[in-house]
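Protein chains in written order, with the working numbering: chain H, 271 to 521; chain Y, 271 to 521.
Number of protein chains: 2
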Amino acid sequence: MNYLLTVSYIGTNYCGWQYQPNARSVQECFQNAVEDLFGKRFPVTGCSRTDSGVHAKGFLCTVKTDGTESPIDSDKLPMALNVRLPQDISVREAEAVPDAFHPRYNTYGKEYRYIFYDGKCRNPFLQNRAWQICHRLDESKMNSAARLFCGEHDFSSFCSVGTSDDNHVRTVFESNVAREGETVVFRVTGNGFLYNMVRIMAGTLYDVSRGKINESDISRALKCGNRASVGMTAPPYGLYLERVLRKPFGE
Amino acid sequence: MNYLLTVSYIGTNYCGWQYQPNARSVQECFQNAVEDLFGKRFPVTGCSRTDSGVHAKGFLCTVKTDGTESPIDSDKLPMALNVRLPQDISVREAEAVPDAFHPRYNTYGKEYRYIFYDGKCRNPFLQNRAWQICHRLDESKMNSAARLFCGEHDFSSFCSVGTSDDNHVRTVFESNVAREGETVVFRVTGNGFLYNMVRIMAGTLYDVSRGKINESDISRALKCGNRASVGMTAPPYGLYLERVLRKPFGE
């Protein structure tokens, strides 16, 4: 059986999704929960890595069993795994999918959200859950700049050294910034994201707000591919993987 | 100088506001931060106790100095205290008030919010921040019932043994329930609240949703004053002290 799980987690206490021998990963928590539930170790495959400290609301992963286990209904699976997972991780939904379904290759994009908090004083409820800037941001300037990311571009300026892919061309479907009370939210949807790409976009938008970078700098960066011409990498704790866009299976 | 502070805190790690010799209280954190800042211990007075695990967004307290300290502008005070307070406590605002101002006696009421989460599976982002029911609530029935609390009533049915006050008559100004996505929010504003009163109201509304209590039970409870006729005390982690209603000084 191949189960597709929709997963939420608070990234604060993890090195990210991906298993690492000397750090606590979300994947390892799943491997252990699955082994405890089925009495056997089965592969758990994620839709992507996430950075240490980054959160997820709609991460996708599959659990592929070999048919030797006692079967479990997919609607019972979230509860059965949740009692075996730490409180900061939760399976939100589970469904049976064809064996060939892969959470990376049968999806066509992702939606991220980056949350800035710009109230005067720090907000304890957003500790580790937003980048707390604590001086007023200009969401209108940030929104104009964010729209420049839309479309197909070479995003070499917007990735960190160590990106695994040689091809830096990606398509951004939607990109905008809006105020929600004392937070400013950057939403971006695209067919793929390079290493640290959303966090560098967020850092660049912050620099746009404080006048260190302007729109023509961004347009130039999207052409010249020079990392030094854009903003800093924003901290991980403001970033949320909102959802993964699934292809209808078979496409 | 008498400084009035507006304070937010996550109640999870505290026994409540009030100092207790063998537990960690928010008040003690303030006493220590104030002593560290001014080099001298000054009285810190809160607008109320809060229960262990209960959160606050707009708690009020005063810090009364004796004039021997180096003066500090009230607009600098939030930052100066925040660097000396734990991350789950924050001073949001500070202002100088007349010496006679008392955060309990110069206020005329409070607004509380109680958050129920009724998504299918647990939500890690609301861990310790909502009562996670995990089956669908009937917010419309809860809202009708919540409206019965409005007005002046003897709330003896809605307080726990150990309430300090002999007079159980309180006036509720507003009381309603509304859905916000996968949360259901009970808001109540009144001139005063007995020990555990909001949590018992919330537990009663939960019982209304699941059909264990109906509206006439509540009307009767508001007359007969019998604790056993209403619902359980809802857990503390869903409760937020939203704001304290201040009298114009001098009234």
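Glycine included, every Cβ here is placed at the ideal spot set by N, Cα and C.
(1) Among E450(Y), A366(Y), G337(Y) and E339(Y), which residue has its Cα nearest to the Cα of P214(Y)?
(2) What residues from chain H crowd round S278(Y), counting only those whose CB sits closer than 8 Å?
(3) Mind checking which residues open and close the beta strand (DSSP E) that includes Y284(Y)?
(4) What does a CB cutoff of less than 7 Å around T453(H) pick up in its chain, not counting 5 residues either side in sequence?
(5) Using a C-beta to C-beta distance shorter than 7 Å, which residues of chain H count as neighbours of N352(Y)?
(6) Is V454(H) close to chain Y, meaning its C-beta is less than 8 Å from at least one C-beta of that chain?
(7) Taking just the CA atoms, how far does H438(H) sit from V458(H)?
(8) Report yes or no: is there a C-beta of chain Y within less than 8 Å of the C-beta of D358(H)?
(9) List in chain order: all unbroken beta strand (DSSP E) runs of 3+ residues lying wholly within the region 335-374 of chain Y.
(10) Within 8 Å (strictly less), CB to CB, does P506(H) reach chain Y?
(11) Determine, using beta carbons only, whether V324(Y) comes closer than 8 Å to chain H.
(12) Are there three or more Cβ pairs, one per stretch, closer than 8 Å when the region 466-479 of chain H is compared with the region 284-299 of chain H?
(13) Between which two residues does the alpha helix (DSSP H) containing K411(Y) stretch?
(14) Per the DSSP calculation, I470(Y) is bridged to which residue(s)?
(15) Could you check what DSSP says for N302(Y) in three-state terms: helix, strand or coil?
(16) With 16 other CB atoms within 10 Å as the buried threshold, where does T320(Y) fall?
(17) Using beta carbons (cut-off 8 Å, strictly below), is V361(Y) in contact with chain H?
(18) Is the region 299-316 of chain Y in contact with the region 479-495 of chain Y, if contact means three or more CB pairs nearer than 8 Å?
(19) Mind reading off the beta-carbon distance from Y466(Y) to T441(Y)? Whole number of angstroms is fine, and I expect it under 8 Å.
(20) Taking 8 Å as the CB-CB cut-off, is Y279(Y) touching chain A?
(21) Candidates L275(H), C420(H) and S427(H): which alpha carbon is nearest H503(H)'s?
(22) Helix, strand or coil: which one does DSSP assign to Y382(H)?
(23) If you run the structure through DSSP and keep just helix, strand and coil, what is L464(Y)?
(24) Relative to the alpha-carbon of L330(H), which residue among F371(H), S360(H), G316(H) and K493(H) has its alpha-carbon at the smallest distance?
(25) How should N496(H) be labelled, buried or exposed, when 16 other C-beta atoms within 10 angstroms of its C-beta is the threshold for buried?
(26) Got a sec? Which residues, its chain only, sit under 7 Å from F371(Y) by beta carbon, not counting five neighbours each side?
(27) Based on Cα-Cα distance, which residue from G328(Y), A350(Y) and S318(Y) lies nearest to G309(Y)?
(28) Since P291(Y) meets chain H, which of its residues come closer than 8 Å, beta carbon to beta carbon?
(29) For S489(Y), count the other beta carbons within 10 Å of its own beta carbon; 16 or more makes it buried, fewer makes it exposed. Which is it?
(30) Is there at least one Cβ from chain Y nearer than 8 Å to P373(H)'s Cβ?
(31) Say whether chain H places a C-beta atom closer than 8 Å to the C-beta of P341(Y).
(32) Do the CB positions of G328(H) and P506(H) come within less than 8 Å of each other?
(33) Would you report the Cα separation of G481(Y) and I359(Y), rounded to the nearest angstrom?
(34) Taking the continuous alpha helix (DSSP H) assigned at R440(H), which residues delimit it?
(35) Rounded to a whole number of angstroms, what is the C-alpha to C-alpha distance between Y510(H) and S410(Y)?
Working from what's here:
(1) Because chain Y is modelled from 271 through 521, residue 214(Y) falls outside the range shown and cannot be assessed.
(2) One-based indexing of the second sequence puts residue 278(Y) at position 8. Within chain H, the residues near S278(Y) are N393, P394 and F395.
(3) As a working note, residue 284(Y) is residue 14 in the second sequence. Taken as a continuous stretch (DSSP letters only), Y284(Y) belongs to no beta strand (DSSP E), as it is neither H nor E.
(4) In the first sequence, the residue the question calls residue 453(H) occupies position 183. For T453(H), where only same-chain residues beyond five positions count, the Cβ hits under 7 Å are I385, F386, Y387 and A400.
(5) Taking the second sequence and counting its residues from 1, the one referred to as residue 352(Y) is at position 82. Within chain H, the residues near N352(Y) are C391 and R392.
(6) Translated into the one-based positions of the first sequence, residue 454(H) becomes position 184. No - not a single Cβ of chain Y is within 8 Å of the one on V454(H).
(7) By one-based count along the first sequence, residue 458(H) stands at place 188. By one-based count along the first sequence, residue 438(H) stands at place 168. The straight-line gap from Cα to Cα measures roughly 17 Å.
(8) Your numbering for residue 358(H) matches position 88 in the first sequence. Judged by the 8 Å Cβ criterion, D358(H) is in contact with chain Y.
(9) 359-367
(10) Taking the first sequence and counting its residues from 1, the one referred to as residue 506(H) is at position 236. No, P506(H) lies away from the interface with chain Y (no Cβ there is under 8 Å from its Cβ).
(11) Indexing the second sequence from 1 puts residue 324(Y) at position 54. No, V324(Y) does not count as interfacial toward chain H.
(12) no
(13) Counting from 1 along the second sequence, the entry for residue 411(Y) is found at position 141. E409 to R417 is the extent of the alpha helix (DSSP H) around K411(Y).
(14) Along the second sequence, read from residue 1 onward, the residue named residue 470(Y) stands at position 200. The partner list for I470(Y) (beta bridge, DSSP) is empty, contrary to what the question assumes.
(15) As a working mapping, residue 302(Y) is identified with position 32 in the second sequence. Note: N302(Y) maps to helix in three-state DSSP.
(16) Along the second sequence, read from residue 1 onward, the residue named residue 320(Y) stands at position 50. When all chains shown are included, T320(Y) counts as buried.
(17) Position 91 of the second sequence, counted from the first residue, corresponds to residue 361(Y). Taking Cβ atoms only, chain H reaches closer than 8 Å to V361(Y), which makes this a yes.
(18) no
(19) Here the question's residue 466(Y) lines up with position 196 in the second sequence. Here the question's residue 441(Y) lines up with position 171 in the second sequence. Per the sequence shown, the amino acid found at residue 466(Y) is Asn instead of Tyr. About 18 Å separates the two Cβ atoms, so there is no contact after all.
(20) In the structure shown, chain A does not exist; the protein chains are H and Y.
(21) For this step, residue 503(H) is matched to residue 233 along the first sequence. Per the sequence shown, the amino acid found at residue 503(H) is Thr instead of His. Per the Cα distances, S427(H).
(22) In the first sequence, residue 382(H) corresponds to position 112, counting from 1. Here Y382(H) sits in strand by DSSP.
(23) Locating residue 464(Y) in the second sequence gives position 194, counting from the first residue. Reduced to three states, the DSSP call for L464(Y) is coil.
(24) Within the first sequence, residue 330(H) is the residue found at index 60, counting from 1. When only C-alpha atoms are compared, the closest one is G316(H).
(25) Here the question's residue 496(H) lines up with position 226 in the first sequence. N496(H) should be labelled exposed.
(26) Residue 371(Y) sits at position 101 when you count from the first residue of the second sequence. So the qualifying residues of the chain are N272, L274, T332 and F519.
(27) Translated into positions along the second sequence, residue 309(Y) becomes position 39. Per the Cα distances, A350(Y).
(28) If you number the second sequence from 1, residue 291(Y) lands on position 21. Going along chain H, no residue has its Cβ under 8 Å from P291(Y), so there is no contact; the nearest lies around 25 Å.
(29) Position 219 of the second sequence, counting from 1, holds the residue named residue 489(Y). Exposed.
(30) Position 103 of the first sequence holds residue 373(H). It does not; no Cβ of chain Y falls within 8 Å.
(31) Your numbering for residue 341(Y) matches position 71 in the second sequence. Not an interface residue.
(32) The residue you call residue 328(H) lines up with position 58 of the first sequence. The residue you call residue 506(H) lines up with position 236 of the first sequence. In this structure, P506(H) does not lie closer than 8 Å to G328(H) by Cβ.
(33) Here residue 481(Y) is taken as the residue at index 211 of the second sequence, counted from 1. Here residue 359(Y) is taken as the residue at index 89 of the second sequence, counted from 1. Spanning the two alpha carbons is a distance of roughly 38 Å.
(34) Taking the first sequence and counting its residues from 1, one reaches residue 440(H) at position 170. Not the alpha helix (DSSP H): R440(H) falls in the beta strand (DSSP E), residues V439 to E450.
(35) The residue labelled residue 510(H) in the question sits at position 240 within the first sequence. The residue labelled residue 410(Y) in the question sits at position 140 within the second sequence. Each residue's Cα considered, the two are about 32 Å apart.
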